[in-house]
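Protein chains in written order, with the numbering used here: chain A, 38 to 258; chain X, 38 to 258.
Beta carbons are placed, not taken as given, at the ideal position from N, Cα and C, and that holds for glycine.
Written below as structure tokens is the structure these notes are about.
Number of protein chains: 2
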Amino acid sequence: MADTQPRNTGAYLVYSELKRRILSLELKPGERIYEPAMAAALQVSRTPLREAIRRLISESLLEQQATGGVVVPPLDEQVISELYDVRAALESLMAREACARATPADIEELHGILERNAAMVGFAEEAMKYGVTLHAAIARIAGNSWARRFHDQISSQVERYRHFTNNSPDRREEALADHRVLVEAIASKEPDKAAKIAFDHVIAARDETLRAIAGQGLVAE
Amino acid sequence: MADTQPRNTGAYLVYSELKRRILSLELKPGERIYEPAMAAALQVSRTPLREAIRRLISESLLEQQATGGVVVPPLDEQVISELYDVRAALESLMAREACARATPADIEELHGILERNAAMVGFAEEAMKYGVTLHAAIARIAGNSWARRFHDQISSQVERYRHFTNNSPDRREEALADHRVLVEAIASKEPDKAAKIAFDHVIAARDETLRAIAGQGLVAE
DNA sequence: AAATGTGTACTTGTATACATCTATACATTG
DNA sequence: CAATGTATAGATGTATACAAGTACACATTT
Numbered sequence: 038m039a040d041t042q043p044r045n046t047g048a049y050l051v052y053s054e055l056k057r058r059i060l061s062l063e064l065k066p067g068e069r070i071y072e073p074a075m076a077a078a079l080q081v082s083r084t085p086l087r088e089a090i091r092r093l094i095s096e097s098l099l100e101q102q103a104t105g106g107v108v109v110p111p112l113d114e115q116v117i118s119e120l121y122d123v124r125a126a127l128e129s130l131m132a133r134e135a136c137a138r139a140t141p142a143d144i145e146e147l148h149g150i151l152e153r154n155a156a157m158v159g160f161a162e163e164a165m166k167y168g169v170t171l172h173a174a175i176a177r178i179a180g181n182s183w184a185r186r187f188h189d190q191i192s193s194q195v196e197r198y199r200h201f202t203n204n205s206p207d208r209r210e211e212a213l214a215d216h217r218v219l220v221e222a223i224a225s226k227e228p229d230k231a232a233k234i235a236f237d238h239v240i241a242a243r244d245e246t247l248r249a250i251a252g253q254g255l256v257a258e
Numbered sequence: 038m039a040d041t042q043p044r045n046t047g048a049y050l051v052y053s054e055l056k057r058r059i060l061s062l063e064l065k066p067g068e069r070i071y072e073p074a075m076a077a078a079l080q081v082s083r084t085p086l087r088e089a090i091r092r093l094i095s096e097s098l099l100e101q102q103a104t105g106g107v108v109v110p111p112l113d114e115q116v117i118s119e120l121y122d123v124r125a126a127l128e129s130l131m132a133r134e135a136c137a138r139a140t141p142a143d144i145e146e147l148h149g150i151l152e153r154n155a156a157m158v159g160f161a162e163e164a165m166k167y168g169v170t171l172h173a174a175i176a177r178i179a180g181n182s183w184a185r186r187f188h189d190q191i192s193s194q195v196e197r198y199r200h201f202t203n204n205s206p207d208r209r210e211e212a213l214a215d216h217r218v219l220v221e222a223i224a225s226k227e228p229d230k231a232a233k234i235a236f237d238h239v240i241a242a243r244d245e246t247l248r249a250i251a252g253q254g255l256v257a258e
């Protein structure tokens with residue numbers, strides 16, 4: 038995620054594979070990683086495996102214990118709330134900056150995504166996909182690489198919690214409405230308004246997610 | 038920076054030393070790092086050195102080239118502007134959250150820091166130190182570990198540019214005034230106001246820094 | 001029986017050896 | 001002479017061997 042140009046090295050493949058397993062919860066929260074066993078399972082030596090592990094640690098997708106072991110970080114309601122708050126701040130900033138930089142072509146693109154988003158509001162997976170696409174487009178337009186980078190890290194973290202959330206049709210309609218007014222604010226170059234809409238939009242998503250999790254409970258550690 | 042508990046390993050020492058050299062510009066922007074030479078200079082093998090390098094890469098304190106080499110990232114006016122913008126978003130969020138969580142004792146602490154800040158407004162180094170202390174206290178009170186973490190990373194990045202900035206007495210007075218109203222907003226639990234003050238405060242610092250750099254120019258790459 | 005010591009199995013951390021890849025200089029060719 | 005091919009020195013990437021540290025079980029002692 039930090040590399041702009043992912044190189045074709047073994048360590049990178051191991052990193053990708055481990056990341057995939059962590060985000061899919063195939064590697065369970067709380068589970069410990071033993072280097073010799075994992076290296077054997079992935080058919081590489083400990084050297085590239087360690088490199089991948091260290092990188093995942095610095096992205097907080099793995100956790101180094103004080104004693105020396107490495108574990109998959111447990112899930113935590115407090116943390117998911119923090120993640121959404123930071124995401125709100127970042128998307129708010131990007132919406133603000135998109136106002137200053139959006140070209141007519143950019144705004145046309147946003148409207149296009151919005152239409153497809155609207156068409157797919159009946160389908161959970163597709164609607165979600167276009168929501169992500171919209172945010173990605175705004176991030177690109179905003180052109181702040183550090184904001185994007187942090188946003189990507191947050192998204193990875195949140196991914197682990199997505200398995201516990203069920204976005205309702207009502208919520209999707211709400212989100213679509215938010216997206217409409219957000220794009221409108223960007224199109225009419227109202228940075229303060231765009232920033233506030235983006236912020237509140239993410240906070241709403243946070244509260245929805247917290248409700249869903251509170252109902253279900255997180256996995257035992 | 039990602040490790041909560043820095044362990045006493047050789048790789049960590051190398052990481053710290055390299056980070057210090059990068060932030061102090063002892064390692065010059067654009068300079069390439071050769072593993073064998075650096076390992077010999079630091080009297081360790083390439084293994085812990087590589088671990089340190091990889092970690093610095095994922096913090097963007099080093100840069101992996103597509104071809105395979107590693108260099109100290111060049112300084113860039115565009116980037117410093119982005120960094121301040123993200124910092125503004127994060128400090129704004131933390132100010133907002135501090136409103137919700139600050140206890141009377143916390144507010145007393147903030148006032149104490151403010152007083153010492155005021156007393157030192159005549160001295161560049163000391164005033165800066167209390168400014169940092171104030172922000173750190175707010176970050177602690179806000180209690181959002183991800184916001185803090187990203188904020189720390191941003192601060193490290195900005196550190197490399199600080200060598201080119203000269204904060205004037207006027208600017209210090211302005212900053213102190215901003216800090217006063219910020220603490221006041223937190224004390225009276227006005228999240229929107231606190232968030233806006235923090236945001237604008239950092240944006241002002243950004244513009245001041247950009248002016249200073251524009252006057253001086255960044256090092257050649 | 002509880003607490004403490006101790007040994008052993010096993011894990012992590014580091015060094016070194018080896019393989020692969022990159023860049024530069026030089027030769028060759030059009 | 002420009003452009004391309006090639007050889008070679010040196011870098012990065014990976015595997016393996018070794019050292020140091022940790023945890024768990026079991027024995028010993030009070």
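Starting from serine 274 of chain X, find everything on chain A with Cβ-Cβ shorter than 9 Å and list it in chain order. Given that chain X is displayed from residue 38 to residue 258, the structure contains no residue 274 of chain X and the question cannot be resolved.
Run down chain X in chain order and give the residues with a C-beta less than 8 Å from the C-beta of aspartate 113 of chain A. Simply none; closest approach about 10 Å.
Hey, could you find the ends of the alpha helix (DSSP H) glutamine 190 of chain A is sitting in? 182-199
Does DSSP put valine 107 of chain A in a helix, a strand or coil? strand
Residues of chain X with a CB under 7 Å from the CB of serine 182 of chain A: which are they? Glu119
With 16 as the cutoff for other CB atoms within 10 Å, does serine 129 of chain X come out buried or exposed? buried
Can the beta-carbon of alanine 103 of chain A be found less than 9 Å from the beta-carbon of arginine 185 of chain X? no
Test: alanine 231 of chain A CB closer than 9 Å to a CB of chain X: no
Keeping to the same chain, check which residues put their C-beta closer than 7 Å to that of isoleucine 150 of chain A; ignore five residues upstream and five downstream. Tyr167, Thr170, Leu171 and Ala174
Simplified DSSP state of glutamine 102 of chain A, which is helix, strand or coil: coil
Expressed to the nearest angstrom, what Euclidean distance is found between the alpha-carbon atoms of histidine 188 of chain X and methionine 131 of chain A? 17 Å
Could you check which residue in A/His200, A/Asp229 and A/Ile234 has the C-alpha nearest to that of valine 218 of chain A? A/Ile234
Nearest residue (CA-CA) to tyrosine 52 of chain A, options A/Gly67, A/Tyr121, A/Glu245 and A/Ala76: A/Ala76
Please report the Cβ distance between leucine 93 of chain X and glutamate 54 of chain X, rounded to the nearest whole angstrom; I am assuming they are in contact, meaning their Cβ atoms lie under 8 Å. Wrong, their Cβ atoms sit about 11 Å apart, outside the cutoff.
With C-beta atoms as the reference, is isoleucine 240 of chain X less than 9 Å away from tyrosine 71 of chain X? no
Pick out whichever of X/Ile250, X/Ala89 and X/His238 has its Cα sitting closest to the Cα of threonine 202 of chain X. X/Ile250
Taking the alpha helix (DSSP H) that aspartate 122 of chain A belongs to, which residues open and close that run? 114-138
On the DSSP bridge list, what partners appear for isoleucine 70 of chain A? A/Val107
Is any beta-carbon of chain X found at less than 9 Å from that of arginine 44 of chain A? yes
Are three or more beta carbon pairs between the region 109-118 of chain A and the region 189-200 of chain A nearer than 8 Å? yes
Please classify asparagine 45 of chain A: does DSSP put it in a helix, a strand, or coil? coil
When the Cβ atoms of the region 220-231 of chain A are set against those of the region 130-146 of chain A, are three or more pairs found closer than 8 Å? yes
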